[in-house]
Amino acid sequence: MTATQHTQGTHGGEVYRLARTLGVTPDAILDFSSNANSLCDDLTSGILGRISYPYRHYPDTWCSALREVLAEHEQVSPDSILVGNGSSENIFLAIQQLRPQHVVLLSPIFSEYVRACEAFNVPYTLIPCSAANGFACTELELDTLRRTQADLAIICSPNNPACVTYANMTDILHATQAATVLVDNTYSEFLWGLPEYDANRLAVYADMMREGVEVMTVQSFTKFFYCTGVRLGYSVASPDLTERLAKGKTPWTVSAFAEQAGIAFMANMGAYRERLDMMRELRTGFINALQQTGCFMNDRIFAGVNYVTAGLRKPEEAQRVYGALLAQGILVRVCDNIPGMPQGYLRMQVREKSAWLRLTQALQKLV
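Next comes the structure, spelled out in structure tokens:
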């Protein structure tokens with residue numbers, strides 16, 4: 010359903026629509042609602058500014074040059090990579106081409122998975138993890154997973170918006186009865202430098218799986234490389250599963266510009282990784298400032314890889330807080346419409362200190 014006036018739509022980051030309704034330019038909105046890595050704006054701007062838009066020829070549907078680069082990064086063969094228009098294209102391809110009879114989703118989870126199931130009339134079961142346990146997958150959820158009959162299981166780790174990177178992935182992967190498991194690794198590059206980074210890769214998951222179970226991952230350039238408008242993502246799977254997905258792909262969904270951008274981003278990966286320590290320091294300061302506002306339950310403020318998700322003391326006032334902040338040109342993400350999320354949580358990107366000071370000062374006035 011299309012959002013109207015000043016209400017939040019399906020996703021965060023709807024700056025263009027809201028700017029039109031507010032009668033301001035997009036740059037006039039301070040956007041905390043998107044999880045893209047805005048602390049690297051200068052890097053991305055410089056990289057994209059050096060690429061001339063290649064308009065003379067059709068794009069390469071299979072992004073062959075980028076596939077080679079990604080295959081080296083993922084330590085797989087190029088036949089295991091399928092590049093798409095953001096991870097969302099590959100999410101829909103997975104449901105379209107696998108045609109599961111039933112899908113089980115460990116939640117909270119990105120809403121496009123549910124939308125894809127509904128678009129293809131595929132029944133699904135959400136298994137929500139509790140905020141009281143920090144959204145961890147406990148024995149209670151594992152038992153439900155064991156008892157849920159499904160042929161496709163979907164897990165997001167690191168999880169958006171729940172902020173948890175599942176420490177017990179072996180238990181989770183063993184619990185599911187599904188023949189195919191999709192792990193959304195969209196935020197995994199933010200784990201660089203931490204032990205969890207090497208633990209969240211396709212080869213590691215494959216070693217954890219029961220015999221005969223297929224596993225695939227989806228990735229996105231959007232978040233880590235701060236390029237939401239470029240639309241670029243990919244999946245990693247066995248060559249056979251990748252070929253099956255590729256048979257449903259519409260030609261030319263990824264522009265030649267996006268492919269060249271992806272190659273350039275990968276070549277500059279080190280520069281982006283160097284910013285992670287700064288981001289983590291800013292996140293600590295941001296959380297401390299959010300605690301001081303009085304708006305949130307302090308035991309419900311969760312640190313995501315590059316964002317914070319926080320539960321309001323008055324959950325029923327989430328839309329009021331959203332509207333009051335938007336009136337001041339500040340955009341946050343209300344998580345009420347994210348599958349599996351409890352009511353009254355806000356998700357906020359980690360930005361520079363001057364930005365989050367403006368947000369926290371505005372929040373203090375709303376108490």
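For what it's worth, my numbering labels the leading residue of the sequence shown as 10, then goes sequentially. Here a beta-carbon is modelled for each residue, glycine too, at the ideal position from N, C-alpha and C.
On a Cα-Cα basis, can you pick out the residue from 370, 339 and 358 that is closest to residue 34?
339
Assuming the contact rule is C-beta atoms closer than 8 Å, residue 318 and residue 98 should be a hit. Round their C-beta distance to whole Å, please.
So it is not a contact: roughly 26 Å between Cβ atoms.
Whole angstroms is fine: what's the gap from residue 42's alpha carbon to residue 101's?
23 Å
Three-state secondary structure assigned by DSSP to residue 126
helix
Distance between residue 32 and residue 203 (C-alpha atoms, nearest Å)
43 Å
Rounded to the nearest angstrom, what separates residue 357 and residue 161 at their Cα positions?
31 Å
What's the gap between the Cα of residue 287 and the Cα of residue 49?
11 Å
If you draw a straight line from the alpha carbon of residue 39 to that of residue 155, how long is it in whole angstroms?
43 Å
Between the C-alpha atoms of residue 278 and residue 105, what's the straight-line distance to the nearest angstrom?
32 Å
CA-to-CA distance, residue 276 to residue 77, given in whole angstroms
12 Å
Among 362, 341 and 360, whose alpha-carbon lies nearest the alpha-carbon of residue 353?
341
Who are the near neighbours of residue 96 in its chain, counting only those whose CB is closer than 6 Å to its CB and skipping five residues on each side?
195, 227, 229 and 242
Cβ distance (whole Å) where residue 146 is taken to contact residue 118 below 8 Å
Not really, about 12 Å apart at Cβ, beyond 8 Å.
Looking at residue 320 and residue 309, is the spacing between their C-beta atoms short of 7 Å?
yes
Apart from the five residues on each side of it in sequence, which residues of its chain come closer than 6 Å, Cβ to Cβ, to residue 20?
none
Give the secondary structure of residue 350 by DSSP, where H, G and I count as helix, E and B as strand, and everything else as coil.
coil
Look up residue 304 in the DSSP assignment and say whether it is helix, strand or coil.
coil
Residues that DSSP places opposite residue 192 in a beta bridge
164 and 226
Assuming contact is defined by CB atoms lying nearer than 7 Å, are residue 135 and residue 163 in contact in what I supplied?
no
What did DSSP end up calling residue 367 once you bin it into helix, strand or coil?
helix
Mapping the DSSP letters down to three states, classify residue 321 as helix, strand or coil.
strand
Using 7 Å as the threshold, is the C-beta distance between residue 199 and residue 44 below it?
no
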